[in-house]
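Residue numbers (UniProt numbering), protein chains in the order written: chain B, 1 to 303; chain E, 1 to 303. Read through the structure below, which is laid out as structure tokens, and then see the notes.
There are 2 protein chains.
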Amino acid sequence: MKVAVIGAGAVGLFVAASLKQQGAEVALYLKNQQEQSLFENEGIYLYKKNQKTIITDIQMNPSNTKDFDGVIVCVKSYQVEQVLLDYKHVGHRHTNWLFLQNGMGHLEWIETMTSPTYVGVVEYGLLKEKEQKNRVSVKGEGRIKIAPFRGTSSAGKAEWESLFNQDVWTVLWRDDYQEMLESKLILNACINPLTALLHVRNGELVENGHYKQAMRSCFTEIIEALERSDREEKWVEVERLCKDTKENQSSMLTDLIHKRPLELDAIVGYILKRGETRGILMPTLQLVYTMLKGKQKALNKKS
Amino acid sequence: MKVAVIGAGAVGLFVAASLKQQGAEVALYLKNQQEQSLFENEGIYLYKKNQKTIITDIQMNPSNTKDFDGVIVCVKSYQVEQVLLDYKHVGHRHTNWLFLQNGMGHLEWIETMTSPTYVGVVEYGLLKEKEQKNRVSVKGEGRIKIAPFRGTSSAGKAEWESLFNQDVWTVLWRDDYQEMLESKLILNACINPLTALLHVRNGELVENGHYKQAMRSCFTEIIEALERSDREEKWVEVERLCKDTKENQSSMLTDLIHKRPLELDAIVGYILKRGETRGILMPTLQLVYTMLKGKQKALNKKS
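As structure tokens, this is what we get:
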């Protein structure tokens, strides 16, 4: 199977490297020309369980693009709209598309896709090196979950299934994309904004009683905005993930430190919108959102 | 007139130095023995308008303490309770006491004072050097406002008035201590917690539109908790102070950076209590309070 990966962030590198490791033919699309030469010359460095693997022979930005069986979009949520404009020509009518983003803000952009489309969530803890853009570390073992979104068929799903070699990475299938994305969204919305705002690692949100109380306030509003009935079950998941990834730096904190745009609208903004349509007050989440918007603005101004 | 100053923070140093500059006999009380020798050997360095003045001949921790006409308490609000236990013997029955603290949390401790008692607010921008504990800079010109609190007389007020030489510093009298403290409290409660949480200088709270929005959310709850009817007038004051002191680092941010306890309970805690007794919901202020409590706890743990 021939697969294109769009985006060379932590997720894109991990996906491209894993596909290549299991023998697929992989193409990687990225914007930065300097980075393109780096990947062509050095390949991808994948660090996993104290083991370094160098993955080469990945095609970079190929222009002959009609013969991909699958395209996996690994850009940040706020870049999806632009990707759809720039990469429409990648793949043919029956190419299977898979979108791996945080949050649910990107759904409105991919609703108009005419090819079979899947969405997924990445539960691996991945970290890309800031200085060496071709290196990614697996900090936490996890899974990638995938669900059909629009225009999919059982044959298409079988194609994907044959692609993912479970010896290399763990890929799980889900039926209900809404439930799958929402469950991840709750975790992201509880952990990412607060870790970014407080500049702490995930574990501190449960180790520090005051931070835990702040997270619980956010959580309460999130659950209400999403009309969830499984409140205590979800809270257990939030606490467990903080503990399981206690040494991890959340992607939003990483983005803030590296002065990159934050996935605020896809995560917190989406929940605020959902709640607002039902007239729910979310003062806690609103304050977190506003302060992070301000931080992002301040960083942009300085850089 | 013989005056004792308790506390050698930025306010204590400024008050002791100003009193000495205008010719009063001044004693300074402080806990730290190392600092006592520093003050005895080097005096106080007062930096004001690019001018350095070295003030010596201030008596340190004198044990003969009955003959003070006035005692000015310049410790942090959370230290007032302990000061009343440790320094009850300073001064006689008619000694005039003056308390210069942020917030209104200390009022419950000084309500039991049997000597004539005054309260005041410091509107100078003062900064004490971290490394050289006998040096204080006047970063922003201002005033000290004073009002009678309990058991005061016009004779006592006249004594104080004769003490403060307006050529050295500006001291203004107010009749209504509640109004005076509350007006300062509103400013402190809007500016200090957010600057500490966001790690920004005062000016950024109005220059950054998102931060301004966050401050307005806090402000709205503060005004409601304090049952103020002069909302827009107070907001103009908040904005003006942010602009007038735009390069200043708030005392709470300074305390956080230096890993000192924060005046959270005297400022935010007091307002939360006032609102809670009336059943007012203050989710924004509550979140700010909780996150700063957490930050304080985290700093204590690390140090």
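No residue lacks a Cβ here, since even glycine has one placed at the ideal position from N, Cα and C. Keep in mind that this is a model prediction, so the values were computed, not measured.
Suppose the cutoff is 8 angstroms on Cβ atoms and the five residues either side in sequence are ignored; what does the same chain contact list for residue i look like?
i        : result
Ser162/B : Met1
Val3/E   : Leu19, Ala24, Glu25, Val26, Ala27, Phe68, Asp69, Gly70, Val71, Ile72, Leu163
Leu272/E : Ala225, Met282, Leu285, Gln286, Tyr289
Gly269/B : Gly105, Tyr289
Val136/E : Ala10, Leu13, Phe14, Ala17, Ile44, Tyr45, Leu46, Tyr47, Leu126, Leu127, Lys128, Glu129
Leu241/B : Leu187, Ile191, Asn202
Ala196/E : Ser250, Met252, Leu253, Asp255, Leu256, Leu262, Leu292, Lys295
What's the C-alpha gap between residue i and residue j?
i             : j        : result
Pro116/E      : His199/E : 40 angstroms
Val80/E       : Gln51/E  : 32 angstroms
Val171/E      : Val15/E  : 11 angstroms
Leu281/E      : Lys243/B : 31 angstroms
Glu35/B       : Leu13/B  : 12 angstroms
Lys259/B      : Gln296/B : 8 angstroms
Gln22/E       : Met113/E : 28 angstroms
Asp255/B      : Pro193/B : 11 angstroms
residue 304/E : Leu253/B : Only positions 1 to 303 of chain E appear in this structure, which leaves residue 304/E out of reach.
Asp230/B      : Gln178/B : 15 angstroms
Ala158/B      : Pro148/B : 12 angstroms
Thr290/B      : Trp235/E : 19 angstroms
Tyr211/E      : Ser251/E : 18 angstroms
Thr95/B       : Trp160/B : 11 angstroms
Leu226/E      : Gly275/E : 7 angstroms
Arg143/B      : Tyr124/B : 6 angstroms
Thr53/B       : Tyr47/B  : 7 angstroms
Ser153/B      : Tyr118/B : 10 angstroms
Ile44/E       : Leu126/E : 14 angstroms
Gln249/E      : Lys76/E  : 17 angstroms
Gly140/B      : Ile223/B : 26 angstroms
Asn208/B      : Glu108/E : 30 angstroms
Gln82/E       : Glu111/E : 14 angstroms
Leu84/B       : Thr277/E : 55 angstroms
Ile55/B       : Val138/B : 15 angstroms
Thr65/E       : Leu292/B : 53 angstroms
His89/B       : Leu181/B : 27 angstroms
Asp176/B      : Leu299/E : 43 angstroms
Glu131/B      : Tyr78/E  : 46 angstroms
Tyr87/E       : Asn165/E : 27 angstroms
Ala155/E      : Ile146/E : 15 angstroms
Gln33/E       : Cys74/E  : 18 angstroms
Arg93/B       : Lys301/B : 43 angstroms
Phe99/B       : Glu232/B : 29 angstroms
Ser217/B      : Gly151/B : 39 angstroms
Ser37/E       : Asp57/E  : 13 angstroms
Going by beta carbon distance, what residues of the same chain come within less than 6 angstroms of residue i, once the five residues before and after it are set aside?
i        : result
Gly91/E  : Phe68, Val71
Glu239/E : Val206
Phe39/B  : Met60, Asn134
Leu30/B  : Ala8
Glu221/B : Met282, Thr284, Leu285
Glu42/E  : Asn134
Pro62/E  : Ala27
Leaving out five residues on either side along the sequence, give the residues of the same chain with a beta carbon under 7 angstroms from the beta carbon of residue i.
i        : result
Ser18/B  : Val168, Trp169
Lys184/B : Val121
Asn188/B : Asn102, Gly103, Ile267
Lys246/E : Arg201, Asn202, Gly203
Val257/B : Note that residue 257/B is Ile in the sequence shown here, rather than Val. Correct list: empty, nothing qualifies.
Phe219/E : Cys190, Trp235, Val238
Taking the continuous alpha helix (DSSP H) assigned at residue i, which residues delimit it?
i        : result
Lys184/E : 177–198
Tyr270/B : 270–277
Leu281/E : First-last for Leu281/E: undefined, no H or E at that position.
Trp173/B : Premise fails: Trp173/B lies in the beta strand (DSSP E), 171–173, not in any alpha helix (DSSP H).
Phe164/B : Unbroken run through Phe164/B: none, as it is neither H nor E.
Ser229/E : It is not in any alpha helix (DSSP H) - Ser229/E carries neither H nor E in the DSSP assignment.
Glu207/B : 204–207
Gly9/E   : First-last for Gly9/E: undefined, no H or E at that position.
Thr254/E : 251–257
Tell me which residue opens and which closes the beta strand (DSSP E) that residue i is part of.
i        : result
Gln101/E : That residue, Gln101/E, is in no beta strand (DSSP E); it is neither H nor E in DSSP.
Ala4/B   : 2–6
Worksheet item: If you measure beta-carbon to beta-carbon, which residues of the region 146–164 of chain B are closer than 9 angstroms to chain E?
Response: If the cut-off is 9 angstroms between Cβ atoms, the region 146–164 of chain B has nothing near chain E.
Item to complete: Can you give me, in chain order, the residues of the region 212–239 of chain E that have a beta carbon less than 8 angstroms from any beta carbon in chain B?
Response: Within the region 212–239 of chain E, contact with chain B at the beta-carbon level (separation under 8 angstroms) is assigned to Gln213, Ala214, Ser217.
Worksheet item: What residues in the region 241–261 of chain B bring their beta carbon closer than 9 angstroms to a beta carbon of chain E?
Response: Those residues of the region 241–261 of chain B placed with their C-beta closer than 9 angstroms to a C-beta in chain E do not exist.
Item to complete: Could you tell me which uninterrupted alpha helix (DSSP H) segments, each at least 4 residues in length, are contained entirely in the region 26–68 of chain E, listed from first to last along the chain?
Response: Within the region 26–68 of chain E, the complete alpha helix (DSSP H) runs of at least 4 residues are 33–42.
Practice prompt. For the region 74–159 of chain B, list the beta strand (DSSP E) runs that are entirely contained and at least 3 residues long, ordered along the chain.
Written response: With a minimum length of 3 residues, the continuous beta strand (DSSP E) runs that stay inside the region 74–159 of chain B are 96–100, 117–122, 125–128, 135–140, 144–150.
Discussion item. Closer than 7 angstroms between beta carbons: that is the criterion. Which residues of the UniProt domain "Ketopantoate reductase N-terminal" (3–150) of chain E meet it against chain B?
Written reply: Listed by position, the residues of the UniProt domain "Ketopantoate reductase N-terminal" (3–150) of chain E near chain B (Cβ gap below 7 angstroms) amount to none.
Item to complete: Output, in sequence order along the chain, the residues in the region 282–294 of chain B whose CB is closer than 7 angstroms to any CB in chain E.
Response: Within the region 282–294 of chain B, the residues whose Cβ lies closer than 7 angstroms to some Cβ of chain E are Pro283, Thr284, Leu287, Thr290, Met291, Lys293, Gly294, listed in chain order.
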